[in-house]
Amino acid sequence: MTQDQPQDSTQDSTQLRTAVVTGASSGIGAATARALAARGFHVVCAARRTDRIEELAAEIGGQAVTCDVTDSDSVDALAAAVPTLHVLVNNAGGAVGVDRVDSADIEAWRSMYDLNVLGLVRVTKALLPALRASGDGLVVNVGSTAGRWAYEGGGGYTAAKHAVRVVTETLRLELNGEPIRISEVAPGMVQTEEFSLVRYGGDRDKAAAVYAGVDQPLLAEDVADAIAWVATRPSHVDIDELVIKPRAQAAAHKVHRS
Numbered sequence: 004m005t006q007d008q009p010q011d012s013t014q015d016s017t018q019l020r021t022a023v024v025t026g027a028s029s030g031i032g033a034a035t036a037r038a039l040a041a042r043g044f045h046v047v048c049a050a051r052r053t054d055r056i057e058e059l060a061a062e063i064g065g066q067a068v069t070c071d072v073t074d075s076d077s078v079d080a081l082a083a084a085v086p087t088l089h090v091l092v093n094n095a096g097g098a099v100g101v102d103r104v105d106s107a108d109i110e111a112w113r114s115m116y117d118l119n120v121l122g123l124v125r126v127t128k129a130l131l132p133a134l135r136a137s138g139d140g141l142v143v144n145v146g147s148t149a150g151r152w153a154y155e156g157g158g159g160y161t162a163a164k165h166a167v168r169v170v171t172e173t174l175r176l177e178l179n180g181e182p183i184r185i186s187e188v189a190p191g192m193v194q195t196e197e198f199s200l201v202r203y204g205g206d207r208d209k210a211a212a213v214y215a216g217v218d219q220p221l222l223a224e225d226v227a228d229a230i231a232w233v234a235t236r237p238s239h240v241d242i243d244e245l246v247i248k249p250r251a252q253a254a255a256h257k258v259h260r261s
C-alpha cells in the first residue's frame with residue numbers, strides 16, 4: 004500500500020471505498036471527483052447539472068446522482084443511493100454579488116446561506132447513517148479563507164463561510180468517540196471557470212479582474228489534491244483544518260500583482 008492509498012485497519016482492504024462529492028459538475032468538485040477516483044475510490048458525483056455529472060461519472064467509472072443540496076427531497080434521494088459511505092466531500096457552494104452590508108441584497112445573502120451552510124447540513128445529516136455504516140467515515144467540508152477574513156463587499160459570503168467553519172467544529176465535538184473524522188479544507192484564491200463569473204453575474208471582465216496580474220493563483224486541481232491527501236490519511240489521523248493559498252496571496256487584502 005502506497006502512502007496515498009486509502010488506509011483502513013477496520014475494513015477489508017479489498018473492499019472498494021465510496022466517496023460522495025457535492026457540487027461535482029465543475030471546478031473544485033469535478034477535480035476532487037477525479038482525484039479520489041485516481042486513488043481508488045468509487046465516486047458518487049452529485050450536482051444539479053445532470054449532463055455534466057453523467058459525463059464525469061463515465062470518465063472516472065463513478066456514479067452520477069442529480070442533487071440540489073438546497074432541496075431536502077433531492078438530498079434524501081442522494082442518501083437513498085448511498086447505503087454505505089467512507090468519504091463525504093461537502094463542496095457545493097458559491098458567492099453571489101459583492102454587496103456592502105448597507106446595500107445588501109437580502110435574497111442573495113439568503114441564497115448563499117442556504118447553499119453554503121444549510122446545504123452542507125442537509126447533506127451531512129442525511130448521509131451520517133451511511134458514514135456510520137462504513138465503520139470508518141470522513142467528512143471534508145470545503146470552506147474558504149473567507150471563513151477566516153472579512154473584506155469589504157464580502158459580507159454575505161464571508162458570513163456563510165464563517166458558519167461553515169463553526170458547523171465543522173461543532174460536528175467534530177458532537178461526533179467525538181464515533182469512527183468519523185471531520186475536516187475542513189479552506190482554499191484562498193482559486194481560479195476556476197465559474198466561481199467569479201457567477202459572483203459577478205456573468206460579467207467576464209469583472210471576473211477576470213479578480214485574477215489580473217496574479218502569478219499562479221490556485222487551480223481546482225491544487226485544492227482537489229489537498230482534499231485527496233486528507234481523505235487518504237490513516238483512519239486515526241484527523242486533519243482538523245487545512246488552509247491552502249497561492250504564494251501570491253498573504254491575506255484577503257494582500258495579493259501580489261505584477
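Residue 4 is where the sequence shown starts when you use the working numbering, and the numbers rise one by one after that. Ideal Cβ placement from N, Cα and C applies to all residues, glycine included.
Cβ atoms of Val143 and Val92 come within 8 Å of each other, at about 5 Å.
Secondary structure of Glu187 (DSSP, three-state): strand. For Ala98 and Ala162, the gap between their C-alpha atoms comes out near 11 Å.
Using a C-beta cut-off of 8 Å, the stretch 249 to 258 makes contact with the stretch 215 to 230, since at least three inter-stretch Cβ pairs fall below that distance. Taking C-beta atoms as the reference points, Ser28 and Ala60 fail to come closer than 8 Å. The Cβ neighbour count for Ala136, taken over all protein chains shown within 10 Å, is under 16; the residue is labelled exposed.
Taking 8 Å as the cut-off, the Cβ atoms of Ala133 and Leu88 count as close. Sequence-distant Cβ neighbours of Ala229 in its own chain, meaning closer than 7 Å and more than five residues away, are Val188, Leu245 and Ile247. If you look at Val92, you'll find it in the beta strand (DSSP E) that goes Val90 to Asn93. For Val145 against Ile31, the beta-carbon gap comes to about 6 Å, under 8 Å, which counts as contact.
Bridge pairing for Gln66: Val47 [DSSP]. Each residue's CA atom was taken as its position, placing Tyr160 and Ala41 some 32 Å apart. In this structure, the CA atom of Gly180 is about 19 Å from the CA atom of Ala234.
When secondary structure is reduced to three states using DSSP, Val145 falls in the strand class.
For Thr53, the three-state secondary structure derived from DSSP is helix. Here Val120 is buried, its C-beta having at least 16 other C-beta atoms within 10 Å.
Taken in chain order, the complete alpha helix (DSSP H) segments of 4 or more residues contained in the stretch 153 to 225 are 158 to 177, 198 to 202 and 207 to 212.
For Leu19, no alpha helix (DSSP H) encloses it, and the DSSP letter there is neither H nor E. The straight-line gap separating the alpha-carbon atoms of Arg20 and Pro86 is approximately 12 Å. The beta strand (DSSP E) runs lying completely inside the stretch 71 to 140 and spanning 3 residues or more are 90 to 93, given in chain order. In the structure shown, Val233 falls within a helical segment according to DSSP collapsed to helix, strand and coil.
With respect to the C-alpha of Ala223, the residue from Asp243, Asp241, Gly140 and Pro249 having the closest C-alpha is Pro249. Annotated three-state conformation of Ala251 is coil, per DSSP. In this structure, Leu141 places its C-beta atom within 8 Å of the C-beta atom of Arg184. Counting the other Cβ atoms within 10 Å of the Cβ of Arg207 gives fewer than 16, which makes it exposed. Leaving aside the five residues that flank Val78 on each side, the residues in its chain whose CB is nearer than 7 Å to its CB run, in chain order, Cys70, Val72, Arg125, Val126 and Ala129. Take the alpha-carbon of Ala166 and the one of Gly64: they are about 34 Å apart.
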